[in-house]
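These protein sequences, in sequence, are chains Z and Y.
Residues in the first sequence are numbered from 1338 upward in steps of one, following my numbering.
Residues in the second sequence are numbered from 174 upward in steps of one, following my numbering.
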Amino acid sequence: MQLNSGASGSDLHSEINVTPLVDVVLVLLIIFMVVVPLLLQGYDVNIARTSADAVPAQAEESQVILTIVPTDCRILEPPPGEGLPADCRVTLADREIPAADLPARVAEILGGRPADKRVLFLAADNRLNYEGVLRIVDLAKSKVDDLTIEFITTD
Amino acid sequence: MRLGEPARLQAVINVTPLVDVVLVLLIIFMVMAPTLSKGPDVDLPNTKKPREQGDERTRILVTIDQAGGLWIEDQPVAAERFGESLRAAAGDDPDLKVVIRGDARLRLGEVRQAMLVIEQAGFHGVGLIAKRAGAKAQGD
């Protein structure tokens, strides 16, 4: 009987006290729920201030210009789904390519340059949809992480 | 004595459910507060891989709503007063960065116009805010 009561005593102690664990987990939950919505996600871009400094401090032949016009890429309305229209074509460094090839072409042309020379000039038509243009910016940046995007005017 | 002892034991209130309820209320308010105060709801563009743009408390948050209306933080601003309002919002700190929360249905020209005014107000570069495709983000 004494052995039995000893066994039942150790039975009581064998349960883990979960209260501190729950407290810690709840506090972690609070921290993450507060921090996550405050973090912003997006793309850094530059824009030329005046037409005078639209001429960048770079030799003209080494400028890489990405041109988007509504006749080649129909994104006048927000593109449905998550990607771009399948027939969307853009002009990168004077060559017309499908938008899907953009990550590889940008990496090929700009990936080998020193980080401060990795500048992509973006000439996008003002009538284009903002979301569609951001998706093209996303594609251009997807393989060259520290790419500088410089908006230039088209008119 | 034997009758008194159980009564003394029961006199302690079990605070665990109380603490649970208070913590849940705290979570609810902490989550709601930032989304309530920051400007109008916009439908942010969906993209695949947006980069971290830091904490919104260290940025000047410019919102462009679906109709093209401009907001700085949670205040609507007239287009002709946008530049000076930005400089006022920046105060003494010229290194503050401006981020634009633009509605997905806008035309690029409307966003470009705001970017030009931001550059002319003396800020270099802007962040264009997007949300990761498939994720629910603030402003929904």
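All residues carry an ideal CB built from backbone N, CA and C; glycine is no exception.
Closest by C-alpha distance to residue i, when choosing among the options
i	options	result
Asp-214/Y	Asp-268/Y, Thr-236/Y, Leu-279/Y, Gly-300/Y	Thr-236/Y
Glu-1445/Z	Leu-1484/Z, Leu-1465/Z, Asp-1360/Z, Leu-1363/Z	Leu-1484/Z
Ala-1441/Z	Val-1481/Z, Gln-1400/Z, Ala-1430/Z, Thr-1408/Z	Val-1481/Z
Arg-230/Y	Ser-1399/Z, Leu-1358/Z, Ile-1486/Z, Val-1371/Z	Val-1371/Z
Asp-1462/Z	Asp-1475/Z, Gly-1449/Z, Thr-1428/Z, Gly-1448/Z	Thr-1428/Z
Gly-1420/Z	Leu-1457/Z, Ile-1473/Z, Thr-1404/Z, Ile-1434/Z	Ile-1473/Z
Val-1435/Z	Gly-1418/Z, Leu-1363/Z, Cys-1410/Z, Leu-1377/Z	Here the sequence assigns Pro to residue 1435/Z, which means Val is not the residue at that position. Among Gly-1418/Z, Leu-1363/Z, Cys-1410/Z, Leu-1377/Z, the Cα nearest to that of Pro-1435/Z is on Cys-1410/Z.
Phe-296/Y	Gly-275/Y, Ser-258/Y, Thr-189/Y	Ser-258/Y
Ala-263/Y	Asp-228/Y, Ala-294/Y, Val-188/Y	Ala-294/Y
Ser-1479/Z	Ile-1367/Z, Pro-1407/Z, Leu-1447/Z, Ile-1402/Z	Leu-1447/Z
Ile-245/Y	Ile-233/Y, Gly-300/Y, Leu-198/Y	Ile-233/Y
Ala-1452/Z	Glu-1433/Z, Val-1362/Z, Ile-1486/Z, Ile-1367/Z	Ile-1486/Z
Arg-280/Y	Ala-1385/Z, Glu-1352/Z, Leu-1465/Z	Leu-1465/Z
First through last residue of the beta strand (DSSP E) which encompasses residue i
i	result
Ala-1460/Z	1456-1461
Gln-1378/Z	1376-1384
Counted within 10 angstroms of its Cβ, other Cβ atoms place residue i as buried (16 or more) or exposed
i	result
Asn-1383/Z	buried
Glu-272/Y	Reading off the sequence shown, one finds Val at residue 272/Y, where the question assumed Glu. By the neighbour-count rule (16 or more Cβ atoms within 10 Å), Val-272/Y is buried.
Phe-202/Y	exposed
Phe-1369/Z	exposed
Ala-1477/Z	buried
Ser-1342/Z	Its pLDDT being 46, under 50, Ser-1342/Z is placed unreliably in this model, and the coordinates cannot settle the point.
Met-205/Y	exposed
Asp-1475/Z	buried
Thr-1356/Z	exposed
Pro-218/Y	buried
Delimiting residues of the alpha helix (DSSP H) encompassing residue i
i	result
Phe-255/Y	255-263
Ile-302/Y	Premise fails: Ile-302/Y lies in the beta strand (DSSP E), 299-302, not in any alpha helix (DSSP H).
Where residue i sits in the DSSP three-state scheme
i	result
Pro-1417/Z	coil
Ile-1486/Z	strand
Asp-1424/Z	coil
Gln-248/Y	strand
Lys-270/Y	strand
Gln-239/Y	coil
Ala-1412/Z	According to the sequence provided, residue 1412/Z is Ile. The question's Ala does not apply to it. Correct three-state label for Ile-1412/Z: coil.
Pro-1440/Z	helix
Leu-234/Y	strand
Glu-1352/Z	coil
Gly-1449/Z	coil
Gly-312/Y	Reliability of the predicted coordinates at Gly-312/Y is poor, the pLDDT of 40 falling under 50, and the value obtained from them is presented with this limitation in mind. Looking at Gly-312/Y - three-state DSSP - the assignment turns out to be coil, as it is neither helix nor strand.
Arg-1469/Z	Here the sequence assigns Gly to residue 1469/Z, which means Arg is not the residue at that position. Three-state DSSP puts Gly-1469/Z in a helix.
Gly-275/Y	strand
Arg-153/Y	Nothing about residue 153/Y can be read from this structure; chain Y reaches only from 174 to 313.
For residue i, the residue or residues it bridges with in DSSP
i	result
Pro-1401/Z	Note that residue 1401/Z is Val in the sequence shown, not Pro. DSSP output for Val-1401/Z lists Leu-1457/Z as bridge partner(s).
Ile-1322/Z	This structure gives no information on residue 1322/Z, because the portion of chain Z shown stretches from 1338 to 1492.
Asp-214/Y	None, per the DSSP bridge assignment.
Glu-225/Y	Gln-1378/Z
Thr-220/Y	Arg-305/Y
Arg-1464/Z	Beta-bridge pairing links Arg-1464/Z to no other residue.
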